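In terms of my numbering, the sequence shown opens at residue 72 and continues consecutively. Ideal Cβ positions, reconstructed from N, Cα and C, are used throughout, including at glycine. As the structure is a computational prediction, the values presented were derived from the model and not from experiment. To start, the structure under review is shown below, and the notes come after it.
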Amino acid sequence: MKEYMDRVNEAVKYIRSRTDHKPEIGIILGTGLGSLVDGMTTEATVSYKDIPHMPVSTVESHAGEFLFGSLSDKPVVCMRGRFHYYEGYDMKEITFPIRVMKALGMETLIVSNAAGGMNPNFEAGDIMLIKDHINYFPTNPLIGPNDDSLGDRFPDMYEVYNHKYIALAKEVALKQNLRLQEGVYLGLTGPCLETAAEYRFFRTIGADAVGMSTVPEAIAAHHQRNRILAFSIITDMGLADNMHPCSLENVIRTASETEPKLRDLISGCVARM
Ligand code: HPA
Numbered sequence: 072m073k074e075y076m077d078r079v080n081e082a083v084k085y086i087r088s089r090t091d092h093k094p095e096i097g098i099i100l101g102t103g104l105g106s107l108v109d110g111m112t113t114e115a116t117v118s119y120k121d122i123p124h125m126p127v128s129t130v131e132s133h134a135g136e137f138l139f140g141s142l143s144d145k146p147v148v149c150m151r152g153r154f155h156y157y158e159g160y161d162m163k164e165i166t167f168p169i170r171v172m173k174a175l176g177m178e179t180l181i182v183s184n185a186a187g188g189m190n191p192n193f194e195a196g197d198i199m200l201i202k203d204h205i206n207y208f209p210t211n212p213l214i215g216p217n218d219d220s221l222g223d224r225f226p227d228m229y230e231v232y233n234h235k236y237i238a239l240a241k242e243v244a245l246k247q248n249l250r251l252q253e254g255v256y257l258g259l260t261g262p263c264l265e266t267a268a269e270y271r272f273f274r275t276i277g278a279d280a281v282g283m284s285t286v287p288e289a290i291a292a293h294h295q296r297n298r299i300l301a302f303s304i305i306t307d308m309g310l311a312d313n314m315h316p317c318s319l320e321n322v323i324r325t326a327s328e329t330e331p332k333l334r335d336l337i338s339g340c341v342a343r344m
């Protein structure tokens with residue numbers, strides 16, 4: 072763990088040589104949230120590839136950089152490009168930037184992702200506020216030695232998703248006339264989407280949406296005592312009794328069509344944080 076935190080500190084030292092920006096809020100721009108940066112005033116951009124020990128994004132649709140600046144007058148850092156388990160990264164690599172952002176000053180983490188909807192009341196193009204999650208990855212980012220200065224060995228999972236921010240998001244959505252769903256996100260490895268039998272199973276065990284990210288980052292951020300606010304864009308429906316082929320193009324199209332709504336919702340929430 073010491074070596075891991077040494078690597079985090081070296082990454083932070085490099086970033087500090089480029090900017091003294093102190094972000095209060097970290098934002099992970101998932102599929103379909105790229106345009107959030109249009110509403111941001113950027114002070115500094117640091118490419119992942121220049122940062123010591125930082126993994127580099129392999130997914131073409133994700134640029135790999137930290138953007139430092141402000142959104143709704145709050146100091147934020149945006150991760151443009153995140154790391155997925157299906158790409159071959161391990162949990163410590165996936166959560167490395169979460170540790171880095173904390174060391175830079177982050178208190179709140181905002182996460183977005185694209186997900187398949189399993190709650191029959193949802194439809195593609197909906198935004199779901201994540202109230203809770205199911206870790207269906209075969210592992211956990213906290214496995215291994217614990218750094219007690221960072222967080223507890225056995226963190227409880229009470230209020231991973233901050234209750235005040237959940238209420239705030241609902242209020243902002245209401246003001247913006249936006250239909251906001253809420254539910255449980257189940258995170259798994261991918262890269263396959265799910266079979267009908269798997270969708271049925273995940274629905275049965277209490278999940279409303281399923282995707283390939285967010286859970287590792289949320290566990291690390293909760294461990295280090297960040298407040299978390301998270302959203303899924305429902306890009307396709309996984310209803311066991313009504314299956315259709317699902318293409319990546321469709322997922323990306325629905326995500327980009329929904330993006331402006333999520334962007335306004337997040338800016339609105341940040342303004343009141
Ligand atoms: N399953 C898993 N991940 C996803 C899906 C899905 O249906 N849609 C977008 N990401």
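Query: Check: LEU104 C-beta below 7 Å from any heavy atom of ligand 1; Result: no
Query: THR306 Cβ short of 7 Å to ligand 1 heavy atom set; Result: yes
Query: Beta-carbon spacing of MET189, VAL281 below 8 Å; Result: yes
Query: Beta-carbon proximity check, VAL147 vs ILE201, cutoff 8 Å; Result: no
Query: Beta-carbon proximity of MET76 to ASP218, cut-off 8 Å; Result: yes
Query: Three-way DSSP call (helix, strand, coil) for ALA278 in this model; Result: coil
Query: C-beta atoms of CYS340 and LEU300 nearer than 8 Å; Result: yes
Query: Contact under 8 Å by Cβ, LYS173 with ASN297; Result: yes
Query: Length of the line joining the Cα atoms of GLU158 and GLU164; Result: 11 Å
Query: GLY258 versus VAL79, LYS332, HIS155 and THR102, residue with shortest Cα-Cα distance; Result: HIS155
Query: Test item: CB-CB of ASP307 and VAL286 under 8 Å; Result: no
Query: Reference LEU245, options LYS93, ASP335, GLY110 and VAL108, closest by Cα; Result: ASP335
Query: Start-end ranges of the beta strand (DSSP E) lying completely within the stretch 109 to 173, minimum 3 residues; Result: 112 to 118, 136 to 142 and 145 to 151
Query: Bridge partners - ARG78, DSSP secondary structure assignment; Result: Answer is none; ARG78 lacks a bridge partner.
Query: Neighbour-count burial assignment, ILE276, 16 or more Cβ in a 10 Å radius; Result: exposed
Query: Nearest-angstrom Cα separation, counted from LYS332 out to SER88; Result: 36 Å
Query: Which of helix, strand or coil DSSP assigns to ALA301; Result: strand
Query: Bridge partners - VAL182, DSSP secondary structure assignment; Result: ILE99 and ALA301
Query: Bridge partners - GLN252, DSSP secondary structure assignment; Result: MET199
Query: Rounded straight-line distance, which links the Cα of ILE290 to that of ASN192; Result: 28 Å
Query: Proximity test, GLU328 beta-carbon vs ligand 1 heavy atom, cut-off 7 Å; Result: no
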